[in-house]
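Asker: The sequence shown maps to residues 228 to 740 in our numbering.
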Amino acid sequence: MSRSQPKTIALFPGAFQPPHGAHLAAVRFLAARPDVDEVVIVITNRNRGIPGTTLSLEARLSQQIWQIYLEGLEGVRTEIAPHTAVAHALDYLTHTDAGNRLVYCIGEQDFADGDARFDDLPRQGRERGVEVEVVAAPTAAIKVRATGLRRCIARGEAGREEFIAGLPGALSAEQRERVWRLCRDGVREVCDLAADRLVVRLGDAGIGELVDIACVDRSRIDPVFRLRIADGRRLLARYAGDAEGDDGGHDMARKPRRALKVERRALAALRACPGHLVEIAGEVWFERRKGVLVVDEVMPEGRSLVDELAAGRPIAPALRRVGCFLAACRKLQPGHLRNSDDEDRAHESERRRQLGAASATRPAFSTLLDASAAAVGAGLIWMHAVAGAVRVDGERVGVVDFEHASGWGDPALDPGTLSGDCIATGLIAGHADLALAGVEALWAAWAGGSTRQDPGLPGRAAGWAAAAVGRRFAAAEQDLPPAIEGLWALAGGGRQAPATTADLLSALRAFVA
228 MSRSQPKTIA LFPGAFQPPH GAHLAAVRFL AARPDVDEVV IVITNRNRGI
278 PGTTLSLEAR LSQQIWQIYL EGLEGVRTEI APHTAVAHAL DYLTHTDAGN
328 RLVYCIGEQD FADGDARFDD LPRQGRERGV EVEVVAAPTA AIKVRATGLR
378 RCIARGEAGR EEFIAGLPGA LSAEQRERVW RLCRDGVREV CDLAADRLVV
428 RLGDAGIGEL VDIACVDRSR IDPVFRLRIA DGRRLLARYA GDAEGDDGGH
478 DMARKPRRAL KVERRALAAL RACPGHLVEI AGEVWFERRK GVLVVDEVMP
528 EGRSLVDELA AGRPIAPALR RVGCFLAACR KLQPGHLRNS DDEDRAHESE
578 RRRQLGAASA TRPAFSTLLD ASAAAVGAGL IWMHAVAGAV RVDGERVGVV
628 DFEHASGWGD PALDPGTLSG DCIATGLIAG HADLALAGVE ALWAAWAGGS
678 TRQDPGLPGR AAGWAAAAVG RRFAAAEQDL PPAIEGLWAL AGGGRQAPAT
728 TADLLSALRA FVA
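1. Does the contact criterion of 3 or more C-beta pairs under 8 Å hold for the segment 295–309 versus the segment 258–277?
2. Threshold first: 4 residues or longer. Then list the alpha helix (DSSP H) segments lying entirely within the segment 302–353, N to C.
3. Identify the residues that DSSP records as bridge partners of I236: which are they?
4. Which residues in the same chain have their Cβ closer than 7 Å to the Cβ of L394, if we skip the five residues on either side of it in sequence?
5. When the distance is taken between beta carbons, is H250 closer than 7 Å to F256?
6. Just tell me which of S567, P725, T727, L420 has its CA closest to the CA of I448.
7. Which runs of the beta strand (DSSP E) at least 3 residues long sit entirely within the segment 270–302? Give them in chain order.
8. For V522, which of R460, V330, P561 has the nearest alpha-carbon?
9. Buried or exposed for D473, please, with buried defined as at least 16 other CB atoms from any protein chain shown within 10 angstroms of its CB.
10. Does H611 pass the burial test, meaning 16 or more other C-beta atoms within 10 Å, or should it be called exposed?
11. CA-CA distance, V619 and G550?
12. For the segment 657–666 against the segment 502–516, are there 3 or more C-beta pairs whose distance is under 8 Å?
13. In angstroms with no decimal places, state the Cα-to-Cα distance between Q703 and V696.
14. Looking at C-beta atoms only, is the number of pairs between the segment 273–280 and the segment 433–443 that lie closer than 8 Å three or more?
15. With L463 as the anchor, note down where its beta strand (DSSP E) starts and where it stops.
16. Here's the rule: buried if 16 or more other CB atoms are within 10 angstroms of the residue's CB, otherwise exposed. What is E630?
17. Quick check: what's the CA-CA separation for A496 versus I542?
18. Just to confirm before moving on: does the CB-CB distance between L717 and A671 stay below 7 Å?
19. Buried or exposed: K370, going by 16 or more other Cβ atoms within 10 Å of its Cβ?
20. When DSSP labels each residue in this structure, what does R382 get in the three-state scheme?
21. Only counting the same chain, and skipping five residues up and downstream in sequence, which positions put a Cβ closer than 6 Å to that of A467?
22. Can you check DSSP and say which residues form a bridge with L511?
23. In angstroms, rounded to a whole number, what distance separates the CA positions of F552 and V361?
24. Bridge partners for I650 per DSSP, in chain order?
25. May I ask you to list the residues that DSSP assigns as paired with G241?
26. Do V533 and A614 have their C-beta atoms within less than 7 Å of each other?
27. Between the C-alpha atoms of E667 and L731, what's the straight-line distance to the nearest angstrom?
28. Beta carbon of R557, beta carbon of G636: below 7 Å?
29. Here's the rule I'm using: 16 or more other beta-carbon atoms within 10 Å means buried, otherwise exposed. How should P424 be labelled?
30. Is the beta carbon of V525 less than 7 Å from the beta carbon of V627?
31. Which residue from A651, A656, E622, A674 puts its Cα closest to that of A554?
32. In terms of residue numbering, what span does the beta strand (DSSP E) encompassing C551 cover?
33. Could you check whether L520 and A565 sit closer than 7 Å to each other, using their CB atoms as the reference points?
34. Would you kindly report the start and end of the unbroken alpha helix (DSSP H) that includes F738?
35. A363 to G341, Cα distance in whole Å?
36. Count the other CB atoms within 10 Å of the CB of V617; is the residue buried (16 or more) or exposed (fewer)?
And the structure:
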């Protein structure tokens, strides 16, 4: 960026999916400044989802729309950042020669509140001999938001009028129509866009020749893909590189990119703890900035406990091992799995509420939440302990899905949740006897491996089992059997003595009778 004469570059970073009137107003404001030689619009290289859908817009679309907006406007260009727009804009300071100037334009609210990413830039610039100015985009009076425009796109022709009304007033009717058509034709499924990016990134990582890639769940904004490699390996790749917001579309209490790191750290903690009798995924590749985690697929030819119960096969041997596994998890001290103990605790608390959403109106559930919160402690908690996450292949048993793991929680939650989920799955499949035998084996193994004294644990486990049954029956759109009240009675408090494991199993037997 060397120049014989000092130069002033104004940088305007953002996602711009799609760019709207406020964005163009900010660019015109920068371009009109007599001291600015060039305006650079920096576009985040992430696809943005349309709320409430599995659709997304890709970054290249933003650049195409900007080209329409900038027709006839000199001294303005666009760049698609390698990763985030802000990181790329900040990197300009590293590569700008002394004597030049940089002007960073950010939103008015961010400017008023203070943004740590930009607050220290003037000082950093002085150290490099580069004058840095941070300014606010004067756009507060323009109320259009990109999220609202994306919702219009998802509505198809029904959203056309509202979408066009949100575009910059300076555009001609022909330009507005071109922007609308670009957006309507540029919408794609989140998982398809993610697959395109993932293939490139896997190639760059040198993992091996990719034979096949298939999305496991097309409803997620952080999709998981099954990969088949030419050398015979079967892998799973979780991609959160484009996921924004606090919810991954599947009851996430953490942002998807953070959940990626949680799963990685939980698996590492488990691999460092031998002797838990189950198989877990091994890490193949992790790229933090790109939001990719690739692991071995656990028993790709195996079956889940849901499959086993549907086929009328015993699950007691598998759950016996899982009981030992859960007891071993209590002895782990993994520390915080993401940033801090506070974040772990906040996630654990929110996840507990989500797990009981189908039972939220019950007074006993409120009592359970209070008792559970009072009993939390350190230890690895598998907060996605369901029948579908336990896999079997002959004598082998594996467990999967640790994105909801926590280093802090109620030790009754995962054995209780798994017990209820297996019982409900067995009832719906017509094999409640096999499910009950499995749950009895789980608790026998748990009792043999657990060393922590917790008299209230069986009662709380009964509550979490009842919540899991309620969630499973609600998903199947079936009415709950009246015997569910026996489980809630153990969790509801007011007993003269704490419930025992025998009480818990007795209530489960009564429920399936």
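Where a beta carbon is used, it is the ideal one built from N, C-alpha and C, also for glycine.
Answerer: According to the structure data:
1. Yes, the segment 295–309 touches the segment 258–277.
2. 312–322, 335–340, 343–346
3. Looking at the DSSP assignment, I236 forms a beta bridge with E265, L329.
4. H247, G248, R403, V406
5. no
6. L420
7. 282–284
8. For V522, the closest alpha carbon among the candidates R460, V330, P561 is that of R460.
9. The predicted model places D473 with a pLDDT of 45, which falls under 50 and marks its position as unreliable, so this point remains unresolved.
10. buried
11. 15 Å
12. no
13. In the sequence on display, residue 703 carries Ala and not Gln. The straight-line gap from Cα to Cα measures roughly 11 Å.
14. no
15. 461–466
16. buried
17. 26 Å
18. no
19. exposed
20. Reduced to three states, the DSSP call for R382 is coil.
21. D449, P483, R484, L487, G518
22. Before going on, a small fix: residue 511 reads as Val here, not Leu. Note: V511 sits in no beta bridge, so no partner.
23. 53 Å
24. Residue pairing by DSSP leaves I650 without any beta bridge partner.
25. I270
26. Yes, Cβ-Cβ distance for V533 and A614 is below 7 Å.
27. 10 Å
28. For R557 and G636, no; Cβs fall outside 7 Å.
29. First, the residue type needs correcting, since residue 424 is Arg and not Pro in the sequence shown. Looking at its Cβ environment, which holds 16 or more other Cβ atoms inside 10 Å, R424 is buried.
30. yes
31. A674
32. First-last for C551: 543–558, but that is the alpha helix (DSSP H), not the beta strand (DSSP E).
33. Note that residue 565 is Arg in the sequence shown, not Ala. It is not a contact, given that the beta carbons lie outside the stated cut-off.
34. 728–739
35. 11 Å
36. buried
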